[in-house]
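Residue numbers (our numbering): 132 to 812.
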Amino acid sequence: MTQRRILVTSALPYANGDIHLGHLVEYIQTDVWVRFQKLRGNECIYLCADDTHGTAIMMSAQRTGCSEEEWIARVQDEHERDFAGFHIEFDNYGSTNSPENYELCKKFWQAFRDSGLVKEQEVTQLFDDEQGVFLADRFVQGTCPKCGKEDQYGDSCDGCGATYNARDLIDPRSTLTGSTPSVKSADHLFIQIEQLHDFLEEWTQSGDHLQSEVANYLKGHFLHEPLLDWDISRPAPYFGFEIPDAPGNYWFVWFDAPIGYMASTQQYCEKTGDDFERWWKDPDTEVHHFIGKDITYFHTLFWPAMLKVAGFNLPTKVHIHGFLTVDGRKMSKRDGTFVRAATYLNHLDPEYLRYFYCSKLGNGVDDLDLNLEDFIAKVNSDLVGKVVNLASRTAKFISEIGLSAVYPDDGGLFESAAAVGDQIADAYENCEFNKAMRLIMELADQANPFVENSQPWVLRKDPEKQQELQDVCTVALNLFRQLVVYLSPVLPELTGKANELFDVEISNWSDSQSPITGSQISKFKHMMQRVEIKDVEAMIDETKDEAAAEETQSAANESQDSGQPLKDEPLAEECTIDDFVKVDLRVARIVAAQHVEGADRLLQLTLSLGGDETRNVFAGIKSAYEPEELIGRLVVCVANLQPRKMRFGVSEGMITAAGPGGSDVFLLAPDSGAQPGQRVH
RNA sequence: GGGCCCGUAGCUCAGUGGUUAGAGCAGGGGACUCAUAAUCCCUUGGUCGGAGGUUCGAAUCCUUCCGGGCCUACCA
């Protein structure tokens, strides 16, 4: 077989949040595919980078009070650490905010200019005057102009499904500052991608570049009509690259993001002395992109168009996968299923997830479900029970004598399993990892009965049968090793442990085709722990805790409470705890409430402190509450206040309330469960 | 409303025209004791979402309906 040259990428994670289990579907899928290609002896490199530009990054940096550069450096550290934790092995991991990327962006841009596809057009957008930024749709909220539903984003309404221009929102406000945006115009640069329509039609609909359902989707949603011009620039302020021939304007993040694949290649080449053009200009090189279905059209329309215009290799294939659900539902912070990569690693082995995802991943765009029960069952019964068990039940019998010098008769087991290798390889190649895992487990199911029938634990007691014992274990261990070769793209750590056991490196797929003999066996060490339910539960619990903490945090951040009340009524002089306990605050129930004849602001309340204890209280809350709505409510009253004689009778206490007065009066209410008469401490 | 995908055993899924529909897990029974309560043997379990049609023959092809998921919007 001739060696292929293959360049592989995963989508660039956005430098605005943590890696979570949903992201990992893609990185694990890609990493497994790359490891498989390398194992097959192909020249293959895996490239990725952080996607660092755009308004959202600016906002995050601003919120945390650091520069954008500091922010993205911090996020990138975390991303790389998470990936390493899951054994995702990049040949280079770059950043779109790199000099290499800027240089490449300029080349692409010049190509577009030269091709005459760039045009200038005025765009009218909402503008946040306080922040001095244009507001993308997702940064504007307001009332839907069609159905009147409140708090809708600037592009569409999730109530009635209407789409509209953000300027049509009723009572729009900026989600950044809460202020009312103004309308402002700016010149944007557009790429007239319609001029490449024929090329895109041809590229997407022919060959094997896309999964068939994706090709259909593009045809049905985009290619059936003229393609809209692509708005490629953003006016300052914007965190990104300034466009050289349009000062004050920046390339839109989706322009420089995919170019980041190439910038990362560039860095790889500088690092290794390789030749960049070999990877992006040589037609013999295959380029494979792995992405999620959410960013399909950037990678199947814009990106091929960009590459075409700039004269680089077009993608050989764009592999598109679905989203992750957990226990059949969308990941949710509140359910504890929005699990961050780092949180997972606090409790569970990354190889579990790698295997589980592979056992589920096909080559379609279907969503993938992480059923936690299924997860535990699969890992324990397949990996621990079937595969690792083969080694753990035989290795120690021959740790002193090693493997037989000649591979014994095994009834054709090794050979037939070797013959399945091609099928397994095809499955990996076609991204049908679920099929590959199924085929491998079928082989494991044949290996254990062999051990059972050969009864090495009986043989070892008979000095006459030591040769037979060695032969049986030689077979079992070779079958085990064969499975590990097949699984090694998925389970690098297990592969490493098998390498130690045999003291022979698994370095090529062909290692599955011939048994090893005559060598020593290292002392057996456990290779994989069983998954414990409690560990999964602990991971979910930790995720829930994170979500709760985050909610508290964001409530504190987002409320952006005004400082006015404190200014209007500054804090009182410091008091001691003794001063405080003089005031006896009690929970009370309002058992009667009525208007007071002749009083402008007062209501007369009867408070019950439980039992027979009641108080008659006049409260200045008439303009804020109706008597009827108060009856039955729990309030907090000052129970030991000196009674005061008023025009309408004696008031035997006060009820507590906040607010400046008038209609802005807000009664304090205890949480449910409190009982009248209980003291407030 | 439209597009795509899916519906097979309790669960996860093979099987895309050809004997009586399979596997793993779970359930039941037995065995073994080398192994991480792992393993092995036996076994229960299915009107292949429903209904029509094509065919000598349909889980598989066609039509239609029902149910689920994803995408999308008056446009295919």
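Glycine included, C-beta positions come from ideal geometry on N, C-alpha and C. Bear in mind the structure is a predicted one, so any value in this text is a computation, not a measurement.
### Message
Am I right that Trp361 and Phe433 are in contact with their C-beta atoms under 8 Å? What's the rounded C-beta distance?
### Response
Taking the first sequence and counting its residues from 1, one reaches residue 361 at position 230. Taking the first sequence and counting its residues from 1, one reaches residue 433 at position 302. Contact between Trp361 and Phe433 holds, with the beta-carbon distance rounding to 6 Å and staying under 8 Å.
### Task
Determine the contact status of Gly148 and Leu455, defining contact as a CB-CB distance below 7 Å.
Reading the first sequence from its first residue, position 17 is the one you call residue 148. Reading the first sequence from its first residue, position 324 is the one you call residue 455. Cβ distance not < 7 Å, so Gly148 and Leu455 don't count as in contact.
### Task
Would you tell me roughly how many angstroms separate the C-alpha atoms of Ile451 and Tyr381, rounded to the nearest one?
In the first sequence, counting from the first residue as 1, residue 451 sits at position 320. In the first sequence, counting from the first residue as 1, residue 381 sits at position 250. Their Cα atoms are separated by approximately 29 Å.
### Query
Distance, Cα to Cα, Ala297 vs Thr161?
In the first sequence, counting from the first residue as 1, residue 297 sits at position 166. In the first sequence, counting from the first residue as 1, residue 161 sits at position 30. Taking C-alpha positions only, Ala297 is separated from Thr161 by approximately 38 Å.
### Simplified DSSP state of Met658, which is helix, strand or coil
Taking the first sequence and counting its residues from 1, the one referred to as residue 658 is at position 527. Met658 falls in the coil class under three-state DSSP.
### Task
Measuring alpha carbon to alpha carbon, tell me which of Asp541, Asp286, Leu625, Thr140 ends up nearest Lys656.
Indexing the first sequence from 1 puts residue 656 at position 525. It is Leu625 whose Cα lies nearest to the Cα of Lys656.
### Query
Can you tell me whether Pro481 is buried or exposed, with buried defined as 16 or more other CB within 10 angstroms of its CB?
For the purposes of this step, residue 481 is identified with residue 350 of the first sequence, where counting begins at 1. Flag for Pro481 reads buried.
### Beta-ladder partner(s) of Thr274, from DSSP
As a first step, residue 274 must be located in the first sequence, where it is residue number 143. DSSP output for Thr274 lists Ile301 as bridge partner(s).
### Task
Sort Leu503, Arg471, Ile301, Ala388 by Cα distance to Leu235 and report the nearest one.
Walking along the first sequence from the start, residue 235 turns up at place 104. Comparing Cα-Cα distances from Leu235 to each of Leu503, Arg471, Ile301, Ala388, the minimum goes to Ala388.
### Query
Using the rule of at least 16 other Cβ atoms within 10 Å of the residue's Cβ for burial, across every protein chain shown, is Thr255 buried or exposed?
For the purposes of this step, residue 255 is taken as the residue at position 124 of the first sequence. When all chains shown are included, Thr255 counts as exposed.
### Message
Just to confirm before moving on: does the CB-CB distance between Leu521 and Ala607 stay below 7 Å?
### Response
For the purposes of this step, residue 521 is taken as residue 390 along the first sequence, with counting starting at 1. For the purposes of this step, residue 607 is taken as residue 476 along the first sequence, with counting starting at 1. Contact: yes.
### Message
Between the alpha carbons of Glu333 and Ser310, how many angstroms are there, rounded?
### Response
Walking along the first sequence from the start, residue 333 turns up at place 202. Walking along the first sequence from the start, residue 310 turns up at place 179. Linking Glu333 to Ser310 through their CA atoms gives a straight-line distance of about 48 Å.
### Message
Taking 8 Å as the cut-off, does the stretch 573–586 touch the stretch 603–623 (at least 3 CB pairs, one atom from each stretch)?
### Response
Verdict: yes, contact present.
### Task
Give me the Cα-Cα distance between Met462 and Thr674, rounded to the nearest whole angstrom.
To locate residue 462, count along the first sequence from 1; it is residue 331. To locate residue 674, count along the first sequence from 1; it is residue 543. Answer to the nearest angstrom: the Cα atoms are 11 Å apart.
#### Entry: Ser316, buried or exposed, once every other Cβ within 10 Å from all chains shown has been counted against 16
In the first sequence, counting from the first residue as 1, residue 316 sits at position 185. So Ser316 counts as exposed.
### Span separating the alpha-carbon of Ile721 from that of Met777
Counted from its first residue, the first sequence places residue 721 at position 590. Counted from its first residue, the first sequence places residue 777 at position 646. Rounded to the nearest whole angstrom, the CA to CA distance from Ile721 to Met777 is 20 Å.
### Query
Cβ of Asp181 within 7 Å of Cβ of His210?
Start at 1 with the first residue of the first sequence, and residue 181 comes out as number 50. Start at 1 with the first residue of the first sequence, and residue 210 comes out as number 79. Yes, these two residues count as a Cβ contact at 7 Å.
### Spatial distance of Thr133 from Glu174 (CA atoms)
Counted from its first residue, the first sequence places residue 133 at position 2. Counted from its first residue, the first sequence places residue 174 at position 43. Rounded to the nearest angstrom, the two C-alpha atoms are 10 Å apart.
### Query
Do Gly649 and Leu534 have their C-beta atoms closer together than 7 Å?
By one-based count along the first sequence, residue 649 stands at place 518. By one-based count along the first sequence, residue 534 stands at place 403. Yes, these two residues count as a Cβ contact at 7 Å.
### Task
Report the option in Tyr233, Phe386, Asp406, Arg194 whose CA atom is closest to the CA atom of Thr308.
Counting from one through the first sequence, the residue named residue 308 turns up at place 177. Nearest option by C-alpha distance: Arg194.
### Residues near Pro587 in its chain [Cβ-Cβ closer than 7 Å; skip 5 each side]
Along the first sequence, read from residue 1 onward, the residue named residue 587 stands at position 456. Only Thr525, Phe528, Leu600, Val603, Cys604 meet the Cβ criterion.
### Query
What is the DSSP secondary structure of Tyr428, reduced to helix, strand or coil?
For the purposes of this step, residue 428 is taken as residue 297 along the first sequence, with counting starting at 1. Reduced to three states, the DSSP call for Tyr428 is helix.
### Message
Contact between the stretch 315–331 and the stretch 465–484 is defined here as three or more beta-carbon pairs at a separation below 8 Å; is this criterion met?
### Response
The stretch 315–331 makes no contact with the stretch 465–484: fewer than 3 CB pairs, one atom from each, lie closer than 8 Å.
### Message
Please state the DSSP three-state secondary structure of Leu438.
### Response
Reading the first sequence from its first residue, position 307 is the one you call residue 438. Looking at Leu438 - three-state DSSP - the assignment turns out to be helix.
### Given 8 Å, three or more beta-carbon pairs between the stretch 498–508 and the stretch 626–639
Under the Cβ criterion (8 Å, minimum of three pairs), the stretch 498–508 does not count as touching the stretch 626–639.
### Task
In angstroms with no decimal places, state the Cα-to-Cα distance between Ala800 and Tyr158.
Reading the first sequence from its first residue, position 669 is the one you call residue 800. Reading the first sequence from its first residue, position 27 is the one you call residue 158. Rounded to the nearest angstrom, the two C-alpha atoms are 51 Å apart.
### Task
Please name the residue, chosen from Leu248, Ser530, Asn561, Tyr284, that lies closest to Gly493 on a Cα-to-Cα basis.
Numbered from its first residue, the first sequence carries residue 493 at position 362. It is Asn561.
### Task
Can you tell me which of the three DSSP states His812 falls into?
Locating residue 812 in the first sequence gives position 681, where the first residue counts as 1. Collapsing the DSSP output to three states places His812 in coil.
### Query
Count the other CB atoms within 10 Å of the CB of Gln651; is the residue buried (16 or more) or exposed (fewer)?
Along the first sequence, read from residue 1 onward, the residue named residue 651 stands at position 520. Counting the other CB atoms within 10 Å of its CB gives Gln651 a total below 16, which places it among the exposed residues.
### Task
Grab the span of the alpha helix (DSSP H) containing Cys489 for me, first residue to last.
Sequence index remark: in the first sequence, residue 489 carries index 358 (1-based). Segment 481–491, the alpha helix (DSSP H) holding Cys489.
### Query
Cβ of Ile150 within 7 Å of Cβ of Asp213?
The residue you call residue 150 lines up with position 19 of the first sequence. The residue you call residue 213 lines up with position 82 of the first sequence. Yes, the pair counts as a contact, with Cβ atoms nearer than the cut-off.
### Query
Counting Cβ pairs, one atom from each stretch, are 3 or more of them under 8 Å apart for the stretch 406–424 and the stretch 187–205?
By the C-beta criterion, the stretch 406–424 is judged not to be in contact with the stretch 187–205, since fewer than 3 inter-stretch pairs fall below 8 Å.
#### Entry: Whole-angstrom distance between Arg304 and Ser690, CA atom to CA atom
Against the first sequence, residue 690 aligns to sequence position 559. Against the first sequence, residue 304 aligns to sequence position 173. Low confidence applies to Ser690: its pLDDT is 48, below 50, so where it sits in the model is not reliable, and the reading given next is rough at best. Those two C-alpha atoms are separated by around 15 Å.
### Task
Count the other CB atoms, across all protein chains shown, that sit within 10 Å of the CB of Lys250; report buried if there are 16 or more and exposed otherwise.
Translated into the one-based positions of the first sequence, residue 250 becomes position 119. Burial is judged here by how many other beta carbons sit within 10 angstroms of a residue's own beta carbon; Lys250 has fewer than 16 and is exposed.
### Query
So is Leu716 buried or exposed if we call it buried at 16+ other beta carbons inside 10 Å?
Residue 716 sits at position 585 when you count from the first residue of the first sequence. The residue in question, Leu716, is buried, as its Cβ has 16 or more Cβ neighbours within 10 Å.
### Task
Report the rounded CA-to-CA distance for Gln684 versus Val457, giving the unit in angstroms.
To locate residue 684, count along the first sequence from 1; it is residue 553. To locate residue 457, count along the first sequence from 1; it is residue 326. Cα-Cα distance, rounded: 26 Å.
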